[in-house]
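Just so you know, we're using our numbering here: the sequence shown kicks off at 234 and counts up by one.
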Amino acid sequence: MSKGKILYTCPYVPYGWLRDQGFTMVSAYEEVPGSRGRLPRLLHSCTYTSHCAKLDYERYDGAILVNCCNGMQRLRDALQVAYPKLWLSMLEIPSTVHYEERQRYSEQIEGLRKQLNHEFCASIPEIRKKEIRHIQRYETFEPSTILIIGNGISKGYARDVNNLFPGFRLRFSCCSSIGRGDALLNRSSRISVKEEEVSCPRMANFIPWLEVNLHNQSEAIQGVILISAGRCDYTLFSYPQIQRICSQNQCKVLQIEEEMTVRISERSRIRFEAFRESLQYGSGGGR
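Next comes the structure, spelled out in structure tokens:
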């Protein structure tokens, strides 16, 4: 029997660990807005925060937000007023994946554990302490890889994108595709480089991560697709840097605004197909 149904907004919430503790974890990326949401329209918020604001929070016993932008702070404040009985918690997103930030993250999760035990009368044990070390490694990519970075997408949307690029290998490193919170909690030799090293677009080491990987893997990575939230300040400031890095490594780049839908729209489909054709024309086809 589930201890409670909890919505989470970001993969830096260790949803796998919480699921193992008996909670039903629901990703906001996979939820469809209903007609019973109580929140007013949040001004000056990105499309993802606006999507979260349209959900019906009476369906959940609690929600865990991650403070990645001002919009999420406004969402928390609005939820506290509109749903006074809803259990809410907010985590701070790590600025890097270095030792000190991972220590702070572990302290936050310990606080979250205590909150859950108190609110849901649970008995979640303390997290076993593990050695936290900095591992400076970089991913390896197979030939004809298209790297997909940025904001999260639903599983159905990801399947549609994958089907549009036959002959290419798609590497999804966007928000919803990696359990970053669980990776930070489970530091061990079993954790893959992908889970350890890929950083969020809102983290300070995102641009250096992308720059090093594109430089080291320029023969393998043929294109980069940035999935960006509409009206997102982080995208506004980071996209010129992403363009510069891709240009320096002779790698084509496409920016697509997330649509918060379970399937690709016709407009985006046309843009994806045009990008695929540009890659095929420049490389003689996906290998």
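Cβ atoms here follow ideal geometry from the backbone N, Cα and C, with glycine treated the same way.
**OP:** Determine the burial state of Val426: buried for a count of at least 16 other Cβ atoms within 10 Å of its Cβ, exposed for fewer.
**Re:** Because the pLDDT of Val426 is 40, which lies under 50, any placement of that residue in the model is unreliable, and the question is left without a value.
ask   = Short check: CB of Pro279 to CB of Ala391, under 8 Å?
value = Sequence check: residue 279 is Cys here, not Pro. No, they are not a contact pair.
Original post:
Thinking just about the alpha-carbon of each residue, which of Asn482, Phe353 and Tyr316 is nearest to the one in Thr257?
Top reply: Distances from the alpha-carbon of Thr257 to those of Asn482, Phe353 and Tyr316 put Phe353 closest.
Helix, strand or coil for Ile475, going by three-state DSSP, please let me know. In the three-state DSSP reduction, Ile475 falls in the helix class (H, G or I).
Span of the alpha helix (DSSP H), counted from its first residue to its last, around Cys285: Thr280 to Ala286 is the extent of the alpha helix (DSSP H) around Cys285.
Pull up the distance between the alpha-carbon of Gln313 and that of Thr282, whole angstroms please.
-> Those two C-alpha atoms are separated by around 15 Å.
- Test item: CB-CB of Leu275 and Ala261 under 8 Å: Their beta carbons are not under 8 Å apart, which means Leu275 does not touch Ala261 by this criterion.
Segments of 4+ residues assigned as alpha helix (DSSP H) that fall wholly inside the segment 234 to 310
The segment 234 to 310 contains these whole alpha helix (DSSP H) runs: 248 to 253 and 280 to 286.
When the distance is taken between beta carbons, is Val246 closer than 8 Å to Gly385?
-> No.
Same chain, Cβ closer than 6 Å to Val220, neighbours up to 5 away in sequence not counted
What the structure shows of the chain is the stretch from 234 to 520, and residue 220 is not part of that stretch, so it cannot be assessed.
#### Entry: Residue nearest to Leu464 in terms of C-alpha spacing, selected from Gly270, Glu490, Ala437 and Cys433
One point to set straight first is that residue 464 is Arg, not Leu, in the sequence displayed. Residue Glu490 is the option with its Cα nearest to Arg464.
| field | Proximity to Phe439 [Cα-Cα], best of Asn303, Tyr290, Arg361 and Ile382 | value | Checking every option, the nearest Cα to that of Phe439 belongs to Ile382.
With distance defined between alpha-carbon atoms, name the residue in Gln481, Ala507 and Ser498 nearest to Gly487. In the sequence under discussion, the amino acid at residue 487 is Leu, which differs from the Gly named in the question. The closest CA to that of Leu487, considering only Gln481, Ala507 and Ser498, is found on Ala507.
Is the segment 465 to 478 touching the segment 497 to 516 in the sense that three or more CB pairs, one from each, lie closer than 8 Å? The segment 497 to 516 and the segment 465 to 478 do not touch, with fewer than 3 CB-CB distances between them shorter than 8 Å.
For His351 and Gly304, I'd like the C-alpha separation in whole angstroms. When only Cα atoms are considered, His351 and Gly304 end up about 28 Å apart.
Straight-line Cα distance separating Leu397 from Ser480: Near 24 Å, if we compare the C-alpha coordinates of Leu397 and Ser480.
Item to complete: Name, in chain order, the residues that DSSP records as bridge partners for Trp442.
Response: The secondary-structure analysis by DSSP pairs Trp442 with nothing; it has no beta-bridge partner.
- request: Keeping to the same chain, check which residues put their C-beta closer than 8 Å to that of Leu345; ignore five residues upstream and five downstream.
  value: The residues are Ile297, Ser322 and Leu324.
- Task: May I ask whether a heavy atom of the ligand SAM can be found less than 7 Å away from the beta carbon of Ile460?
- Result: For the structure depicted, the ligand SAM is absent and the ligand set is empty, with no information on it obtainable.
Whole angstroms are fine: how far does the CA of Asp294 sit from the CA of Gln336?
Asp294 has its alpha-carbon roughly 28 Å from the corresponding atom of Gln336.
| If we ignore side chains and look at the alpha-carbon of each, how far apart do Glu428 and Cys302 end up? | Confidence is the limiting factor: at Glu428 the pLDDT is only 46, short of 50, which leaves the residue's position unreliable, though a coordinate-based value still follows. Taking the straight line joining both Cα atoms gives about 23 Å.
Along the chain, where does the alpha helix (DSSP H) that runs through Val394 open and close? Boundaries of the alpha helix (DSSP H) around Val394: Lys388 to Asn396.
Q) CB Val445 to CB Leu380, shorter than 8 Å? A) The Cβ atoms of Val445 and Leu380 do not sit closer than 8 Å to each other.
Between Ala315 and Glu492, what straight-line distance do the alpha-carbon atoms span, to the nearest angstrom?
When rounded, the separation of the alpha-carbon atoms in Ala315 and Glu492 is 26 Å.
### Message
Suppose the cutoff is 7 Å on Cβ atoms and the five residues either side in sequence are ignored; what does the same chain contact list for Gln306 look like?
### Response
These residues qualify, in order along the chain: Asn300.
For the beta strand (DSSP E) that Glu325 lies in, which residues bound it at each end? For Glu325, the enclosing beta strand (DSSP E) stretches over residues Trp320 to Glu325.
Are the CB atoms of Gln259 and Ile239 nearer to each other than 8 Å? Checking the displayed sequence, the identity of residue 259 turns out to be Val instead of Gln. Yes. Within cutoff.
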